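Student:
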Amino acid sequence: MISMLDILTSDLLRYPLIIAVLIGLTAPVVGTYLVQKRLSLLGDGLGHVALTGVAVGWLVGAWLAATPADLLAIPGALAASVIGAVLIEYVREISHTSRDVALAILFYGGIAGGVVIIQLAGGTSQNLMGYLFGSLSTVTRLDTVIALVLAVVVLAIGVGLSGLLAAVTADEEFARASGLPVRLVNVLIAVMAALTVTLSMRIVGALMVSALMIVPVAAAQHLVVGFTRTMRTAMVIAVLCAVGGLLITVYVDLPPGGVIVLLTIGVYVAGLIVRSVRGARRTTPVGGPGPAAAGSAPLPARGASHP
Amino acid sequence: MSAVAGPVVEVAGASVSRGGQRVLHDVDLRIEPGELVALLGANGSGKSTLLRAVVGVLPLETGTTRLLGRPVSQGPAHDRLGYVPQDSAEAGSIPATARETVASGLLGARRWWPSARDPRVDAALEAVGMADLAGRPVTRMSGGQRRRVMIARALVRDPELLVLDEPFSGVDLPTQDLIAGLFRDLSARGTTLLVVLHETGPLTGDIRRAVVLDHGRVIHDGAESDRPRLDPGHGHPEDAAPLDECLGQEIHPA
Chain A
937 MISMLDILTS DLLRYPLIIA VLIGLTAPVV GTYLVQKRLS LLGDGLGHVA LTGVAVGWLV
997 GAWLAATPAD LLAIPGALAA SVIGAVLIEY VREISHTSRD VALAILFYGG IAGGVVIIQL
1057 AGGTSQNLMG YLFGSLSTVT RLDTVIALVL AVVVLAIGVG LSGLLAAVTA DEEFARASGL
1117 PVRLVNVLIA VMAALTVTLS MRIVGALMVS ALMIVPVAAA QHLVVGFTRT MRTAMVIAVL
1177 CAVGGLLITV YVDLPPGGVI VLLTIGVYVA GLIVRSVRGA RRTTPVGGPG PAAAGSAPLP
1237 ARGASHP
Chain B
609 MSAVAGPVVE VAGASVSRGG QRVLHDVDLR IEPGELVALL GANGSGKSTL LRAVVGVLPL
669 ETGTTRLLGR PVSQGPAHDR LGYVPQDSAE AGSIPATARE TVASGLLGAR RWWPSARDPR
729 VDAALEAVGM ADLAGRPVTR MSGGQRRRVM IARALVRDPE LLVLDEPFSG VDLPTQDLIA
789 GLFRDLSARG TTLLVVLHET GPLTGDIRRA VVLDHGRVIH DGAESDRPRL DPGHGHPEDA
849 APLDECLGQE IHPA
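Note that the protein sequences, when read in sequence, are chains A and B. Counting in this note's numbering, the first sequence runs from 937 upward without gaps. Counting in this note's numbering, the second sequence runs from 609 upward without gaps.
(1) Out of 1064/A, 1027/A and 965/A, point me to the one whose CA is closest to residue 988/A's CA.
(2) By how many angstroms is the C-alpha of residue 733/B removed from the C-alpha of residue 774/B?
(3) Please state whether the Cβ-Cβ distance between residue 1168/A and residue 1075/A is less than 7 Å.
(4) Is residue 1132/A closer than 7 Å to residue 1188/A when the C-beta atoms are compared?
(5) If you measure between the beta carbons of residue 576/B and residue 800/B, is that distance less than 7 Å?
(6) Inspect the beta-carbon positions of residue 647/B and residue 819/B and report whether they are closer than 7 Å.
(7) Check the Cβ of residue 708/B against every Cβ in chain A and list those closer than 8 Å, keeping chain order.
(8) Please report whether the beta-carbon of residue 1112/A lies at a distance below 7 Å from any beta-carbon of chain E.
(9) Nearest-angstrom Cα distance between residue 840/B and residue 787/B?
(10) Determine the direct distance from the alpha carbon of residue 953/A to that of residue 1079/A, and round the result to whole angstroms.
(11) Any idea what DSSP makes of residue 1189/A, helix, strand or coil?
(12) Which residues bound the alpha helix (DSSP H) around residue 618/B?
(13) Nearest-angstrom Cα distance between residue 681/B and residue 760/B?
(14) Quick one: is residue 965/A buried, meaning 16 or more other Cβ sit within 10 Å of its Cβ, or exposed?
(15) According to DSSP, what are the bridge partners of residue 830/B?
(16) Pull up the distance between the alpha-carbon of residue 963/A and that of residue 796/B, whole angstroms please.
(17) For the region 981-995 of chain A against the region 1009-1019 of chain A, are there 3 or more C-beta pairs whose distance is under 8 Å?
(18) Taking only the alpha-carbon atoms, compute the straight-line gap between residue 1120/A and residue 716/B and give it to the nearest angstrom.
(19) Since residue 639/B meets chain A, which of its residues come closer than 9 Å, beta carbon to beta carbon?
(20) Is the CB-CB distance between residue 1158/A and residue 1207/A below 7 Å?
(21) Please report the distance separating the alpha-carbon of residue 1192/A from that of residue 1123/A.
(22) Count the other C-beta atoms from every protein chain shown that fall within 10 angstroms of the C-beta of residue 972/A, then say buried if there are 16 or more, exposed otherwise.
(23) Alpha carbon to alpha carbon, how far is residue 736/B from residue 790/B? Give it in angstroms, no decimals.
(24) Taking 7 Å as the CB-CB limit, is residue 701/B close to chain A?
(25) Please specify which runs of the alpha helix (DSSP H), each continuous and at least 4 residues long, are wholly inside the region 688-736 of chain B, giving them in chain order.
(26) Compare the C-alpha of residue 706/B against each of 691/B, 740/B, 727/B and 693/B and name the closest.
(27) Find out if the Cβ-Cβ distance for the pair residue 745/B, residue 703/B is shorter than 7 Å.
(28) What's the gap between the Cα of residue 639/B and the Cα of residue 673/B?
(29) Indicate whether at least one CB of chain A lies closer than 7 Å to the CB of residue 715/B.
(30) My output table needs one value for residue 674/B: the three-state DSSP class, helix, strand or coil.
(31) Whole angstroms are fine: how far does the CA of residue 816/B sit from the CA of residue 1028/A?
(32) Verify the contact flag: residue 943/A, CB atom, against every heavy atom of the ligand SAM, threshold strictly below 6 Å.
(33) What is the rounded straight-line gap between the Cα of residue 748/B and the Cα of residue 1170/A?
(34) Using the Cβ count rule (16 or more neighbours within 10 Å means buried), how would you classify residue 1073/A?
(35) Does DSSP classify residue 649/B as helix, strand or coil?
(36) Which residue from 728/B, 757/B and 624/B puts its Cα closest to that of residue 655/B?
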């Protein structure tokens, strides 16, 4: 029987555990903005593109005779997903009608590029399985360091600038009229999604990374109200599910990505039930104070905030 | 009184095309500090397009727009602008509370960290009678309540220019009176207001100047009492909006 002490002292398990916590903290932060922008499938598209990056990294690694052969897989995934993210944001901006098509091309092109390039690198599509579905045994110290750096960047932007990012994603027209840097924010969110995909794919897998961005946010929406509380609750749910799912796979031979995602879906269903029960117990009146309650306070004082 | 010396809004020769079709033709508009101006016209006449061009949301094909003395593309002028877009519901799918929504109005080109606990947020919610619902998600509010929250989001910036797109749309009569009273107070304090309206409604008597658009062109810019009106037989005697819907009917000055 593996004890908690074994987990914490063994590099084989400690590194995945650290990455699981980082995924749990970062994925819902990015997911909150993607859900708000109604771009829930962006993470999926970027996951597929990251596969092409893995294969390119492998190809370059083979060319440089790197050891192990997939030494450059994660840096390759990082580069490919960031380029893909910026590209999809550009397409989204110049053409509002072809968003779905652009995402579909990302999906298909990413996975097709991955299997073709991995073959050119002398590998087979089997080499991609660990990246598609996640694997504990492939996590290295370098992966952990890269994940830590990416997580710090994502949290610094996603939490540090949450007011700005929330305002732009909630109402882009108002944000533009207010002089907010809308284009910069949209690119930042896309790049954050790319960084999160890269740091998550080792454990959760490229095919399921998007679930950890979206499902905890959807679950949190059943439990709390407000943008900030939704984001914080989703982070708690995702950390618990990522760590819990990982620990389950330590004792039971199951793919970690699948277990983690199933746990988040379990929380989502539980949240749904909680909300239904709450709704049955009390009916929330839509009405509030009428106009008669207004105007008792003076208007905000003029001039205090003007530059 | 306003701190602006020159015109608050200065649009010259503005044309806008959308989807390859020109929807605004060579429009000139100049609004002085403290004015309350109504922008009237039929559906599709170009009112919202002109408004969005004024606040810098839509790029011009030709012409220029200056806001509070600066080109609209420059950031600082936006900090002194309050804008209420046509759609009152926030576009996102995560329901922000009224307090969070109003706090986002404190953001600007160089202010990226709003605080929902800023006392100005509560003051703005209080001014529109929504203080008691500060913690409620805007998506769970009625249309009129959402409209009031969006107006509070514009007011919290303490704007010198307030630009509103159909603030009375979907709002019941008592709330319309509340909002109209708010506009009167703001106007009396020197705030410049540019309001898109279908009909002058509760602001009848307050609006001195009306700009009427038809097919993307200004067909009247002057006293509200002199604006073109439809034939009373049409059934909308006070409403300049159906101009476009009643093509072929004679339009004549009142």
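Glycine residues also receive a C-beta, built at the ideal position from the N, C-alpha and C atoms. Source: prediction; values computed, not measured.
Tutor: Working from what's here:
(1) When only C-alpha atoms are compared, the closest one is 1064/A.
(2) Taking the straight line from one Cα to the other gives about 20 Å.
(3) No. Outside cutoff.
(4) No, Cβ-Cβ distance for residue 1188/A and residue 1132/A is not below 7 Å.
(5) Not covered by the structure: residue 576/B. The range shown for chain B is 609 to 862.
(6) The answer is yes: Cβ separation under 7 Å.
(7) For a Cβ distance threshold of 8 Å, residue set 1102, 1162, 1163 and 1164 of chain A lies close to residue 708/B, ordered along the chain.
(8) Protein chains in the displayed structure are A and B, and chain E is not among them.
(9) Low per-residue confidence applies at residue 840/B: pLDDT is 42, beneath 50, and the placement is therefore not dependable enough to give any value.
(10) So the alpha carbons of these two residues sit roughly 12 Å apart.
(11) Here DSSP, grouped into helix, strand and coil, assigns residue 1189/A to coil.
(12) Per DSSP, residue 618/B belongs to no alpha helix (DSSP H); it is in the beta strand (DSSP E), 617-626.
(13) One C-alpha to the other measures close to 25 Å.
(14) The residue is buried, with at least 16 neighbouring Cβ atoms inside 10 Å.
(15) Under DSSP, the beta-bridge partners assigned to residue 830/B are 818/B.
(16) Whole-angstrom Cα-Cα distance: 50 Å.
(17) In short, these stretches touch, since the Cβ pair count reaches three.
(18) Distance between the alpha carbons of residue 1120/A and residue 716/B is about 14 Å.
(19) Result: empty, since nearest Cβ-Cβ is about 16 Å, beyond 9 Å.
(20) Going by C-beta atoms, residue 1158/A is nearer than 7 Å to residue 1207/A.
(21) Cα to Cα, residue 1192/A sits roughly 30 Å from residue 1123/A.
(22) It counts as buried.
(23) Looking at the backbone, the Cα of residue 790/B and that of residue 736/B are separated by about 8 Å.
(24) Taking Cβ atoms only, chain A reaches closer than 7 Å to residue 701/B, which makes this a yes.
(25) Counting only runs that start and end inside the region 688-736 of chain B, the alpha helix (DSSP H) elements of at least 4 residues fall at 706-711 and 727-735.
(26) Nearest to residue 706/B by C-alpha distance, out of 691/B, 740/B, 727/B and 693/B, is 740/B.
(27) Yes; because the gap between Cβ atoms is below 7 Å, this pair is in contact.
(28) Taking the Cα positions, residue 639/B is about 12 Å away from residue 673/B.
(29) It does; some Cβ of chain A falls within 7 Å.
(30) For residue 674/B, the three-state secondary structure derived from DSSP is strand.
(31) The alpha-carbon of residue 1028/A is positioned some 43 Å away from that of residue 816/B.
(32) For the structure depicted, the ligand SAM is absent and the ligand set is empty, with no information on it obtainable.
(33) The straight-line gap from Cα to Cα measures roughly 21 Å.
(34) Counting Cβ neighbours within 10 Å, residue 1073/A comes out exposed, since fewer than 16 surround it.
(35) Shown here, residue 649/B sits in a strand according to DSSP, grouped into three states.
(36) Closest in alpha carbon position to residue 655/B, among 728/B, 757/B and 624/B, is 624/B.
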